[in-house]
Amino acid sequence: MGDVLAVSRIREGLADLWAHTRPGMTAAWASRLVHDTTDYLYSHVRQSEINFSETPFAEDAYCAHRLLTSAIYVAAGLIEVAPPSRCPAT
319 MGDVLAVSRI REGLADLWAH TRPGMTAAWA SRLVHDTTDY LYSHVRQSEI NFSETPFAED
379 AYCAHRLLTS AIYVAAGLIE VAPPSRCPAT
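Its first residue numbered 319, the sequence shown is counted upward by one per residue in this note's numbering.
Structure below.
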């Protein structure tokens, strides 16, 4: 039950981020955000598989994996530029 609730909250959070940042952005920007966010979310699945197998990354694979996980931080930084009046109070 906890996992279902977590997925719902993640979905709501991403939808809220999208609603606050998408208006006025280009189609290329929107596509890149979706791609980077998807890569970031799937990178956790890949990391779990690697942790379970106890097989360390090769250096090139490690760098490629870290690139995927770090790309989302640029997109998440957009939260800071969203108009404060549009952000929900928490």
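The beta-carbon is built from N, C-alpha and C at its ideal position, and this holds for glycine as well.
The structure presented is a predicted model; accordingly, all values stated were derived computationally and were not measured.
{"Item": "Can you tell me where the alpha helix (DSSP H) holding A348 begins and where it ends?", "Value": "345-371"}
{"Item": "Does the contact criterion of 3 or more C-beta pairs under 8 Å hold for the region 375-391 versus the region 345-363?", "Value": "yes"}
{"Item": "By a C-beta neighbour count over all protein chains shown, 10 Å radius and 16 as the cutoff for buried, is S361 buried or exposed?", "Value": "buried"}
{"Item": "Among the residues of its own chain, which have a CB less than 7 Å from the CB of C405, if the five just before and after it don't count?", "Value": "Confidence in C405 is poor, its pLDDT being 48 and thus under 50, which makes the residue's placement unreliable; the coordinate value appears in the next sentence. So the qualifying residues of the chain are H338."}
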